[in-house]
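First residue of the sequence shown? That's 2 in this note's numbering, and the numbers climb one at a time after it. We put the CB at the ideal spot given by N, CA and C, even for glycine. Note that the coordinates shown come from a computational prediction; the quantities given were computed from them, not determined experimentally.
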Amino acid sequence: MGLLDQIGSILEQEGGNARLLQGVIAWIDSQGGIAALIAKFQQGGLGEIAQSWIANGQNHPISGEQVSSLLGNGELESLASSMGVAPEQASAMLAQVLPGIVDGLSPSGSVPEHGNLLENGLEMLAGKLLG
2 MGLLDQIGSI
12 LEQEGGNARL
22 LQGVIAWIDS
32 QGGIAALIAK
42 FQQGGLGEIA
52 QSWIANGQNH
62 PISGEQVSSL
72 LGNGELESLA
82 SSMGVAPEQA
92 SAMLAQVLPG
102 IVDGLSPSGS
112 VPEHGNLLEN
122 GLEMLAGKLL
132 G
């Protein structure tokens, strides 16, 4: 299942809640961008998983439990609030879509400079929808 299909499936389950994609991309941006997010994963012992999302090739999966453990309660609750869901749902959703979003925001296996990830992410999604 491609990134767009994953996002579409989750949005359908959540009644078309577009806040999911915006929440995840805004959260990545608030972490300092993809490079800072990858560093956080490395510090949490999940660097190999996160690096697979950037590298060309297969994206390794991550579980909702791993996401919860990495983020901690406070950060997870904040993310869940921005997405309009419960923390347990947020960690499961993030585990589903984060590999594809990071992969899509890091073209050709390179980490983009920290910039407006929300704008870049929405452009990426629009390109797939309209392209």
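Query, Result
"Is P100 helix, strand or coil when you go by DSSP?", "helix"
"Just verifying my parser: in three-state terms, what is the DSSP assignment at N57?", "coil"
"Since N60 and G110 are thought to touch, with beta carbons under 8 Å apart, how far apart are those beta carbons, to the nearest angstrom?", "The pair is not a contact, with the Cβ atoms about 12 Å apart (cut-off 8 Å)."
"Taking only the alpha-carbon atoms, compute the straight-line gap between S83 and I50 and give it to the nearest angstrom.", "25 Å"
"Can you give me the Cβ contacts of A93 inside the same chain, cut-off strictly under 6 Å, excluding the 5 residues immediately before and after it?", "G65"
"Count the other C-beta atoms from every protein chain shown that fall within 10 angstroms of the C-beta of P88, then say buried if there are 16 or more, exposed otherwise.", "buried"
"Classify G58: buried if its beta carbon has 16 or more other beta carbons within 10 angstroms, exposed otherwise.", "exposed"
"Alpha carbon to alpha carbon, how far is A40 from G48?", "7 Å"
"Where A91 and S107 are concerned, what is the direct C-alpha to C-alpha distance, given to the nearest angstrom?", "22 Å"
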